[in-house]
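In the working numbering, the protein residues as written are 1171 to 1468.
Every residue, glycine too, gets a C-beta built ideally from N, C-alpha and C.
Take a look at the structure set out below.
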């Protein structure tokens, strides 16, 4: 079977200057259970990165907290030197065990995150560094000032934020240009609709994490299920195709530690959804999201 080509997803210029293929690759799943420690199969994880690159992906998203450090080391081992590749990483989350994530915003800690990520990735400047979470331990202004200073120093080229609202983006923009926002967003989680709208208006890249989540929407008889059968695709591929069609600033980063799954994800770029398909998926996904919100409140 012919290798899929991620470049068919189109391109987007991060920060208005750094062009990437819109369908990227997220490295969180290259780690062990609970995003802790190394994966069971080291060679397969490396192969997944190589495979994504061969499939036309040139935007790889990682973080110092994945492992911790495991994913960044894999990115270096598999892809360095980064010829025509954009590497994004994140800092600001400490790890104390499997599935434990504690945000710290102390400026000294954030600087340590950046310097150590530079060392692990083998770069003099990080293409895109994202504040993984706003730390509750110090004033947010101190965090933004520290990040701005590191950009001015040349340690960071572009700056992104993760899991933030519009108010926080506007506050950050008083200190630096926000190039990307990485929030949870998928067919059945529309919490960040207003953030996506703001990103579209200001040409900020929107990186949806958990892009394949579909919940009960993948059940037999749903619009998603029907479209998957009609187009001879997986439900996850339809979910990715919907995201790509949803907005020109959308930069999905599905990840996998298995080369064959990488192929499955990239093949989503070949799926063509009609306007009616997109609207039907949107409506059913929104209904599922509203239902889950009501259940959580009750």
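Start and end residues, alpha helix (DSSP H) containing residue 1338: 1336-1342
Could you tell me which uninterrupted beta strand (DSSP E) segments, each at least 3 residues in length, are contained entirely in the segment 1176-1207, listed from first to last along the chain? 1181-1184 and 1188-1191
By Cβ distance below 8 Å, which residues in the same chain neighbour residue 1173 in space, the five residues on each side in sequence not counted? Sequence-distant Cβ neighbours of residue 1173 in its own chain, meaning closer than 8 Å and more than five residues away, are 1224, 1225 and 1433.
What residue range does the beta strand (DSSP E) around residue 1432 cover? That residue, residue 1432, is in no beta strand (DSSP E); its alpha helix (DSSP H) goes 1429-1436.
Delimiting residues of the alpha helix (DSSP H) encompassing residue 1463: 1445-1467
Quick check on this structure: which residue in 1259, 1326, 1208 and 1267 has the alpha carbon closest to the alpha carbon of residue 1240? For the residues 1259, 1326, 1208 and 1267, the minimum Cα distance to residue 1240 belongs to 1208.
Confirm, please, whether the CB-CB distance from residue 1411 to residue 1184 is below 7 Å. no
Less than 7 Å between the C-beta atoms of residue 1371 and residue 1346, yes or no? no
Could you check which residue in 1211, 1418, 1194 and 1199 has the C-alpha nearest to that of residue 1258? 1194
Since residue 1413 is in the alpha helix (DSSP H), which residue starts that stretch and which ends it? Per DSSP, the continuous alpha helix (DSSP H) segment holding residue 1413 begins and ends at 1405-1416.
Between residue 1198 and residue 1425, which are expected to be in contact by the criterion C-beta below 8 Å, what is the C-beta distance as a whole number of angstroms? 6 Å
Simplified DSSP assignment, three categories, for residue 1328: strand
Enumerate in chain order the residues of its own chain whose CB-to-CB distance from residue 1315 is below 8 Å, with the five nearest sequence positions on each side excluded. 1277 and 1345
At least three beta-carbon pairs within less than 8 Å, the segment 1176-1192 to the segment 1392-1403: no
For residue 1309 and residue 1213, what's the separation of their Cα atoms in angstroms? 42 Å
Specify, as a first and last residue, the run of the alpha helix (DSSP H) that residue 1231 falls within. Per DSSP, residue 1231 belongs to no alpha helix (DSSP H); it is in the beta strand (DSSP E), 1229-1231.
Which partner residues of residue 1301 appear in the DSSP bridge assignment? Bridge partners of residue 1301 according to DSSP: 1261 and 1331.
Within the segment 1339-1401, note down every full alpha helix (DSSP H) run reaching 4 residues or more, in order along the chain. 1363-1372 and 1393-1400
Where does residue 1367 land, buried or exposed, given buried means 16+ other C-beta within 10 angstroms? exposed
Whole-Å CB distance - residue 1374 paired with residue 1415, under 8 Å assumed: So it is not a contact: roughly 19 Å between Cβ atoms.
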